[in-house]
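Trainee: The structure's right below; bear with me while I get my questions together.
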Amino acid sequence: MIANYFIHILILVGIYSILSVSLNLALGYTGLLNLGHVAFFGVGAYVSALLNMVGVPFIISFLAAGVVAGAFGLFLIYVSKKLKGDYLALATLGFAFIVYSLLLNLKFTRGPLGIPGIPKPEIFGIVISSNLSYLILVLVIGVLTFLFFNKVVKSSFGKMLGALRDDELNLRVLGKNTTKLKYYSMGISAFFAGIAGSLFAHYITYIDPSSFYMSELILIVTIVIIGGLASIEGSLIGAFIVILIPEVLRFFALPSSILGPMRQIFYALVLIGVLWWRPKGILGKVDLQ
Amino acid sequence: MIKIKNINKSFGGLKAVDGINLEIGKGQITAIIGPNGSGKTTLFNLISGIVEKDSGSISLNGKNISRQEDFQRSESGISRTFQHVRLFKNLTIREHFEVALDDDKNLLKKIFSKNKDSGDEIERVMRLIGLEKNIETKANDLSYGQRKLLDIGIGIVKKHDVLMLDEPVAGINPLLRRKIKELIKVLREQGETIVIIEHNMEFVMDLADRVVCLEQGNVIFEGTAKEAQSSKEVLEAYLGK
Ligand SMILES: Nc1ncnc2c1ncn2[C@@H]1O[C@H](COP(=O)(O)OP(=O)(O)OP(=O)(O)O)[C@@H](O)[C@H]1O
Ligand SMILES: [Mg+2]
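Taken in sequence, the protein lines are chains A and B. Those letters in the first sequence? Residues 1 to 289, per the working numbering, in order. Those letters in the second sequence? Residues 1001 to 1241, per the working numbering, in order.
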């Protein structure tokens, strides 16, 4: 029972790690103030669930979740490529609202009713039904994601992203097509948010638009800021802290009417505390300003 | 090398660059002088493409570059520095050089290919510019003079045909001034084509092959450094009539 509960928490930590590491690529490494990441998460969840439920194999639904979310990422850069800083933040936030209201109003997403009964993944004939096997699936994908991002940020491509974050004009003057760099960065970032969405949908087996809205957005951004901008390890630690700590509250047998708001207060306190202790986050390496 | 034909740029009602015609010769040092606000930096911005011209044309090695975007002009062979130093503050000295040296346009390939070792090239340019600092130092932790040096350094290592320096010694102590002057002389001996914006006539005297003086967006003088010193127009531009 306790073991199963911990496995459940670890699965969530894994999914949120993928989500926050991928956000960190855009936010911390590239300096794109993206507040629309939660929309890619949602798009991935819906794409994977809907495809899988009409008979598309899990692996293909899973990859499609990444590809479609990635395409949304490219689109977001396309419409906002001239914007910077606060303006980009506002535009991306608007994008998250738009995707949310689409999910809420489109027929095939079933609006606020959401999508129940999403099947557990079936990979080469094996159904991942137990929580333990799901944890292994999340771990495998999580580790691959971590290795990939580690490679990206340490490569010369990653250095270019850092230069773009620090001074876009100067990088252009050095002959680099910064618009193209933004497309790549956001495309990769959104792809991984999409596959995180797929893992989330097939684990929880029920999704509705409210899972991909403000509170989730705040959660992901909090993870990245607590862990630190431009640090992959930081985002992993951030995911642990932000997902685990509120769980401690459960042991105090509080009524759920109090538990909900307590959680939000807890996030805020942890965020303020960490930033007071370390203004760049736990492992943060860069200043955006 | 660079041919500028009748180039114009206004900001609102202000004619910052007002029909300038100019040729920059290969292997020469051209100094652009002129009082504050005379349009020197704007001319650099027009050549490097970070400011859109109103009319006129610019060609580099016979190729019209006026319609290219800023980064494409850089690829075509323009290297420039800024009057107010622009660096990547969270990147180290080494990373600055690596970014400047990297001219592979295939971005995705970069993720998976091994990072090129440009240690020798970096060591060479560090010695050339005389920046005595650990190359793992972040730009944020450099002094003003060191930043100026690094800025010139990345302009040098980036592949280019012409190197444009916007006030490389402004606000710099006399010792470092002399060092940068020597550096520019060495670059000339290596056959570089250099355009340098400088307020101070004295600094460019024994450096420039040619001096161009701007006033209110117009070329009011063109000639050798010696001629510039005795030119009535230049004197008036600086001292007022
Ligand atoms: N982006 C801009 N917007 C509006 N006005 C501008 C802009 N850039 C330059 N100007 C104006 O154009 C004129 C020429 O400016 P520029 O920077 O080219 O002068 P400068 O010769 O480099 O002067 P300094 O020696 O002080 O650096 C100035 O009056 C300046 O205020
Ligand atoms: Mg100037």
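In this text, a Cβ means the ideal position worked out from N, Cα and C, and glycines have one as well.
(1) My output table needs one value for A/Lys81: the three-state DSSP class, helix, strand or coil.
(2) At a CB distance below 8 Å, what residues from the segment 161–172 of chain A approach chain B? Give them in sequence order.
(3) Once you ignore the five residues that flank B/Lys1009 on each side, which residues in its own chain have a CB closer than 7 Å to its CB?
(4) Beta carbons nearer than 7 Å to chain A: which residues of the segment 1035–1055 of chain B have them?
(5) If contacts are defined as beta-carbon pairs under 8 Å, then A/Gly194 and A/Ala65 qualify, I think. What distance do you get, rounded to the angstrom?
(6) Check whether the segment 164–175 of chain A touches the segment 28–40 of chain A, taking contact to mean three or more Cβ pairs, one atom from each stretch, closer than 8 Å.
(7) Have a look at the DSSP bridge pairing and note the partners of A/Glu122.
(8) Please list, in chain order, the chain A residues whose beta carbon lies closer than 9 Å to that of B/Val1099.
(9) At least one CB of chain B closer than 8 Å to the CB of A/Leu83: is that the case?
(10) What does the Cβ neighbour count give for A/Gln264, buried or exposed, with the cut at 16 atoms within 10 Å?
(11) Using alpha carbons as the reference points, say which of B/Ile1004, B/Ile1007, B/Gly1027 and B/Lys1005 lies closest to B/Arg1188.
(12) Does the distance from the CB of A/Pro119 to the CB of A/Ile128 come in under 8 Å?
(13) What's the C-alpha gap between B/Lys1185 and B/Leu1207?
(14) Going by the beta-carbon positions, is the gap between A/Ile15 and A/Val138 smaller than 8 Å?
(15) Step through the CB atoms of chain B and report whether any lies within less than 8 Å of the CB of A/Tyr184.
(16) Would you list, in chain order, the members of the segment 1083–1107 of chain B that have their beta-carbon closer than 9 Å to a beta-carbon of chain A?
(17) Would a check of beta-carbon distances place A/Leu144 closer than 8 Å to chain B?
(18) In this structure, how does DSSP classify A/Gly36 when only helix, strand and coil are distinguished?
(19) State the CB to CB distance for the pair A/Leu23 and A/Val224, rounded to an integer number of angstroms; the pair is presumed to be in contact (CB under 8 Å).
(20) Closer than 7 Å by C-beta to A/Ser189: which residues in its own chain qualify, once you throw out the five before and the five after it? Chain order, please.
(21) Measure from the alpha carbon of B/Ile1007 to the alpha carbon of each residue in B/Thr1030, B/Gly1034, B/Asn1061 and B/Ile1065, then state which is nearest.
(22) For B/Thr1137, which option in B/Asn1061, B/Val1157, B/Lys1158 and B/Lys1089 has the closest C-alpha, if you only look at C-alpha atoms?
(23) Just the C-alpha distance for A/Asp287 and A/Met262, rounded to the nearest angstrom, thanks.
(24) Between the Cα of B/Leu1108 and those of A/Lys182, A/Gly114 and A/Ile204, spot the shortest distance and give me the residue it belongs to.
(25) Please report how far the alpha carbon of A/Leu291 lies from the alpha carbon of B/His1096, in whole angstroms.
(26) Tell me the residue span of the alpha helix (DSSP H) that contains B/Arg1177.
(27) On the three-state DSSP scale, how would you describe B/Ser1055?
(28) Need the endpoints of the alpha helix (DSSP H) that A/Asp208 sits in, please.
(29) Among all the DSSP beta bridges, which residues are the ones paired with B/Phe1221?
(30) Within this structure, are the beta carbons of A/Ile115 and A/Phe58 separated by less than 8 Å?
(31) Within the continuous alpha helix (DSSP H) that includes B/Phe1112, where are the two ends?
(32) Taking only beta-carbon positions, decide if A/Leu283 is within less than 8 Å of chain B.
(33) Should B/Phe1071 be flagged as near chain A, meaning a C-beta pair shorter than 8 Å?
(34) Inspect the beta-carbon positions of B/Leu1165 and B/Ile1135 and report whether they are closer than 8 Å.
(35) Under 8 Å, do B/Glu1233 and B/Phe1221 count as touching if we go by C-beta distance?
(36) In the DSSP assignment, find the alpha helix (DSSP H) that holds B/Asp1151 and state where it starts and stops.
Mentor: In this structure, then:
(1) Residue numbering aside, residue 81 of chain A sits at position 81 when the first sequence is read from its first letter. Judged by DSSP in its simplified three-state form, A/Lys81 adopts coil rather than helix or strand.
(2) So the list reads Gly162, Ala163, Arg165, Asp166, Asp167, Leu169, Asn170, Leu171 and Arg172, given in the order they occur along the chain.
(3) The count along the second sequence starts at 1 and reaches residue 1009 of chain B at position 9. Result list for B/Lys1009: Ala1016, Val1017, Thr1042, Leu1046, Val1051, Lys1053 and Asp1054, in chain order.
(4) For the segment 1035–1055 of chain B, the set of positions with a beta-carbon nearer than 7 Å to some beta-carbon of chain A reads Ser1048 and Ile1050 in chain order.
(5) Position 194 of the first sequence, counted from the start, is the residue given in the question as residue 194 of chain A. Position 65 of the first sequence, counted from the start, is the residue given in the question as residue 65 of chain A. Their Cβ separation, rounded to whole angstroms, is 4 Å, which keeps A/Gly194 and A/Ala65 in contact under 8 Å.
(6) Judged by Cβ distances under 8 Å, the segment 164–175 of chain A makes contact with the segment 28–40 of chain A, as three or more pairs qualify.
(7) Along the first sequence, one-based indexing puts residue 122 of chain A at 122. The bridge partners DSSP lists for A/Glu122 are A/Val127.
(8) Locating residue 1099 of chain B in the second sequence gives position 99, counting from the first residue. The answer, in chain order, is Ser156, Lys159, Met160, Gly162, Ala163, Leu171, Leu174 and Lys176.
(9) In the first sequence, the residue the question calls residue 83 of chain A occupies position 83. Taking a beta-carbon distance threshold of 8 Å, A/Leu83 does not count as an interface residue toward chain B.
(10) Translated into positions along the first sequence, residue 264 of chain A becomes position 264. The residue in question, A/Gln264, is exposed, as its Cβ has fewer than 16 Cβ neighbours within 10 Å.
(11) Locating residue 1188 of chain B in the second sequence gives position 188, counting from the first residue. Minimum Cα distance to B/Arg1188 is reached at B/Gly1027.
(12) Here residue 119 of chain A refers to the residue found at position 119 of the first sequence. Here residue 128 of chain A refers to the residue found at position 128 of the first sequence. It is not a contact, given that the beta carbons lie outside the stated cut-off.
(13) In the second sequence, residue 1185 of chain B corresponds to position 185, counting from 1. In the second sequence, residue 1207 of chain B corresponds to position 207, counting from 1. Approximately 7 Å between the Cα atoms of the pair.
(14) As a working mapping, residue 15 of chain A is identified with position 15 in the first sequence. As a working mapping, residue 138 of chain A is identified with position 138 in the first sequence. Yes; because the gap between Cβ atoms is below 8 Å, this pair is in contact.
(15) Walking along the first sequence from the start, residue 184 of chain A turns up at place 184. At least one CB atom of chain B sits nearer than 8 Å to the CB of A/Tyr184.
(16) Taking 9 Å as the Cβ-Cβ cut-off against chain A, the residues of the segment 1083–1107 of chain B that qualify are Arg1086, Leu1087, Phe1088, Lys1089, Asn1090, Leu1091, Glu1095, His1096, Glu1098, Val1099, Ala1100, Asp1102, Asp1103, Asp1104, Lys1105 and Leu1107.
(17) Sequence index remark: in the first sequence, residue 144 of chain A carries index 144 (1-based). Using a CB distance cut-off of 8 Å, A/Leu144 does not count as an interface residue toward chain B.
(18) Here the question's residue 36 of chain A lines up with position 36 in the first sequence. Three-state result, A/Gly36: coil.
(19) Numbered from its first residue, the first sequence carries residue 23 of chain A at position 23. Numbered from its first residue, the first sequence carries residue 224 of chain A at position 224. About 5 Å; that satisfies the 8 Å criterion.
(20) Your numbering for residue 189 of chain A matches position 189 in the first sequence. The answer, listed in chain order, is Ser22, Leu23, Leu25, Ala26 and Gly73.
(21) Taking the second sequence and counting its residues from 1, the one referred to as residue 1007 of chain B is at position 7. That would be B/Ile1065, whose Cα lies nearest to the Cα of B/Ile1007.
(22) In the second sequence, the residue the question calls residue 1137 of chain B occupies position 137. Checking every option, the nearest Cα to that of B/Thr1137 belongs to B/Lys1089.
(23) Numbered from 1 along the first sequence, position 287 holds the residue referred to as residue 287 of chain A. Numbered from 1 along the first sequence, position 262 holds the residue referred to as residue 262 of chain A. The alpha-carbon separation between A/Asp287 and A/Met262 amounts to approximately 31 Å.
(24) As a working note, residue 1108 of chain B is residue 108 in the second sequence. Comparing Cα-Cα distances from B/Leu1108 to each of A/Lys182, A/Gly114 and A/Ile204, the minimum goes to A/Lys182.
(25) Coverage of chain A is limited to positions 1 through 289, which leaves residue 291 of chain A absent and any answer about it impossible.
(26) What you label residue 1177 of chain B is simply residue 177 of the second sequence in a count that begins at 1. B/Arg1177 -> alpha helix (DSSP H) spans Pro1174 to Glu1189.
(27) Translated into the one-based positions of the second sequence, residue 1055 of chain B becomes position 55. Strand at B/Ser1055.
(28) Residue numbering aside, residue 208 of chain A sits at position 208 when the first sequence is read from its first letter. Taken as a continuous stretch (DSSP letters only), A/Asp208 belongs to no alpha helix (DSSP H), as it is neither H nor E.
(29) On the second sequence, position 221 is the one that residue 1221 of chain B refers to. B/Cys1213.
(30) Here residue 115 of chain A is taken as the residue at index 115 of the first sequence, counted from 1. Here residue 58 of chain A is taken as the residue at index 58 of the first sequence, counted from 1. In this structure, A/Ile115 keeps its C-beta atom at 8 Å or more from the C-beta atom of A/Phe58.
(31) The residue labelled residue 1112 of chain B in the question sits at position 112 within the second sequence. Element bounds for B/Phe1112: Leu1107 to Phe1112.
(32) The count along the first sequence starts at 1 and reaches residue 283 of chain A at position 283. Judged by the 8 Å Cβ criterion, A/Leu283 is not in contact with chain B.
(33) Here residue 1071 of chain B refers to the residue found at position 71 of the second sequence. It does: the Cβ of B/Phe1071 has a partner Cβ on chain A nearer than 8 Å.
(34) In the second sequence, the residue the question calls residue 1165 of chain B occupies position 165. In the second sequence, the residue the question calls residue 1135 of chain B occupies position 135. For B/Leu1165 and B/Ile1135, no; Cβs fall outside 8 Å.
(35) What you label residue 1233 of chain B is simply residue 233 of the second sequence in a count that begins at 1. What you label residue 1221 of chain B is simply residue 221 of the second sequence in a count that begins at 1. Closer than 8 Å, so yes.
(36) Sequence index remark: in the second sequence, residue 1151 of chain B carries index 151 (1-based). That run of the alpha helix (DSSP H) goes Tyr1144 to Val1157.
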